[in-house]
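Numbering (my numbering), first residue to last: 52 to 542. Positions of the beta carbon are idealized from the N, C-alpha and C atoms, including for glycine. No experiment lies behind these values; they were computed from the predicted model shown.
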Ligand code: NAD
Ligand code: MN
């Protein structure tokens, strides 16, 4: 450590950072009082409805439908009709045009979508603006490019669409998860019934407007809102040929049981407990940024979040010191403020779950650190938290918290790092920080995880497949692999 670094590390942590408020204009979004289901290109007046809120203020935003199995049946019927009467037969190059159009409209309307995503989900506007929206558009652009090249993606295998895809997405990246699912399904000639998560339906409902603007034929994409009961009705519906699910491992398992023996296709993208492994030769300041991005990005509501930090013993003290100092600079608050780093927790239910696991961590004997932090009075909030002295058996080292909570463990040798990193029922992602290229490759070979980042974390690209091992699910989204999940092949 240089003299300068030593001095920096000893300087007192600033207790508060004052910036003038920099709110994004909320009136970029025009909400309707009540939304229906989007079926066959029309709005269907819902039979039952509930209120969706802004988790940062608990204020009501709009009424949305809670789709019954009859309404799900209408949506599946519309998707079947669109599949059989046109969509699967139009030329792939024509299909591509619709996808390009959707991508461009998403870009044009990205500020509006970003505000809505932050309003309904609680994530910082900086993230919805710079991550969710650009990546959503990029997914449509990427799969638009594949639509007329499937014969090249799968040479000599005669790919054809599967039919009607039922797609169930979670609340942590509502529009991005929609894009990950809708774009490849359409590029391959399938039709869709999509169900957004109950706490974050609004960006999917605005997306229906994009579909109309793009003049996508009616029924190609249908959107039904509602909670797990609506999802269950979609899973059970005999007219659905494939289910693509992203969400909890618990629900994923129940869907797999439900579908056993039905012949329906299934892909599952479930939870994770990713290890972020820091070797003693890593650039520590960069690693600290990667650790922060790994676990506090999107309030830690990220399935591939680097929630278990594995630090080589020899650098434990300086690294944890730097991390704690960095934590004190995170700004928690109004999701629509452009200076906000950490926004609101998505729902009361999720906040309760985080609190329960954090209490378990304290009870089991881990040491908790939370920087001084003033939380807004209304809404759902949780202070960015670090646990040290964590044993591998603790619940906070085993279970997915899905919140801004990091568990720090240590290791001595690379073998020990691999063993500890793989000691989890999950296998979605991992991070490796080291200066040595050979060590990166050796670690990547031994870590049992679908995505492994080296000297970075939480980077996404539509060309790069994403998915898990073990209880993190199966099937891949993104890349050429993501096409295969929506195709049948002649044997
Ligand atoms: P969840 O699995 O219950 O919900 C995900 C989606 O599945 C939602 O659209 C929901 O309405 C739907 N769903 C719920 N029950 C269903 C059923 N029986 N049949 C069909 N669809 C159903 O997740 P949650 O309860 O909102 O969150 C709980 C935990 O799940 C979180 O704490 C986190 O650990 C995990 N999670 C993971 C991801 C991910 O990206 N992998 C996303 C969200 C939640
Ligand atoms: Mn649930």
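Contact between the region 191–209 and the region 253–267 is not established, with fewer than three Cβ pairs separated by less than 8 Å. The beta-carbon distance between residue 390 and residue 73, rounded to whole angstroms, is 5 Å. This is short enough to meet the 8 Å contact definition. Beyond the five residues adjoining it in sequence on each side, residue 236 comes within less than 6 Å, by CB distance, of 216, 243, 537 in the same chain, given in chain order. Here the distance from the Cβ of residue 282 to the nearest heavy atom of the ligand MN is not below 7 Å. Put simply, the backbone Cα of residue 481 is about 34 Å away from that of residue 257. Secondary structure of residue 449 (DSSP, three-state): helix. Taking the CA atoms as reference points, residue 472 sits about 32 Å from residue 309.
The nearest non-hydrogen atom of the ligand MN is 7 Å or more from the C-beta of residue 286. Here the distance from the Cβ of residue 457 to the nearest heavy atom of the ligand NAD is not below 7 Å.
For residue 120, no beta strand (DSSP E) segment is defined; the enclosing uninterrupted segment is the alpha helix (DSSP H) at 120–133.
Taking the Cα of residue 317 as reference, the smallest distance to any Cα among 179, 247, 291, 54 is reached at 291.
Per DSSP, reduced to three states, the secondary structure at residue 149 is helical. For residue 458, DSSP records a beta bridge to 359, 438.
Annotation for residue 223 indicates a beta carbon within 7 Å of some heavy atom of the ligand NAD.
Distance between residue 239 and residue 150, taken at the CA atoms: about 11 Å. Annotated as proximal: residue 439 and residue 371, with beta-carbon spacing under 8 Å. For residue 264, there is no enclosing beta strand (DSSP E); the enclosing alpha helix (DSSP H) has its first and last residue at 253–264. The region 320–335 and the region 412–423 do not touch, with fewer than three beta-carbon pairs separated by less than 8 Å.
The C-beta of residue 347 has 16 or more other C-beta atoms within 10 Å across all chains shown, which makes the residue buried.
Within 10 angstroms of the beta-carbon of residue 429 lie fewer than 16 other beta-carbons, which makes it exposed. In terms of side-chain proximity, the C-beta atom of residue 279 is found nearer than 7 Å to a non-hydrogen atom of the ligand MN.
The alpha-carbon of residue 78 is positioned some 45 Å away from that of residue 460. Proximity of the beta carbon of residue 302 to the ligand MN is indicated: a heavy atom of the ligand is located closer than 7 Å. Per DSSP, the continuous beta strand (DSSP E) segment holding residue 105 begins and ends at 100–105.
In this structure residue 225 is buried. Its beta-carbon is surrounded by 16 or more other beta-carbon atoms within 10 angstroms.
Between residue 202 and residue 319, the alpha-carbon positions lie close to 26 Å from each other. DSSP places residue 404 in the uninterrupted alpha helix (DSSP H) bounded by 399–415.
In the displayed model, residue 316 falls within a strand according to three-state DSSP. By the criterion of at least three beta-carbon pairs nearer than 8 Å, the region 377–389 is in contact with the region 170–178. According to the DSSP assignment, residue 217 belongs to the beta strand (DSSP E) that extends over 215–219. With a beta-carbon spacing of about 6 Å, residue 184 and residue 164 fall inside the 8 Å limit used to define contacts. In this structure residue 126 is in contact with residue 88, their Cβ atoms being roughly 7 Å apart against a cut-off of 8 Å. With a 10 Å radius around the Cβ and a threshold of 16 neighbouring Cβ atoms, residue 221 comes out buried. At a Cβ-Cβ threshold of 8 Å, residue 393 and residue 455 count as neighbours. A residue is called buried once 16 or more other Cβ atoms fall within 10 Å of its Cβ, and residue 512, having fewer, is exposed. Per the coordinates, the alpha-carbon of residue 124 lies some 10 Å from the alpha-carbon of residue 118.
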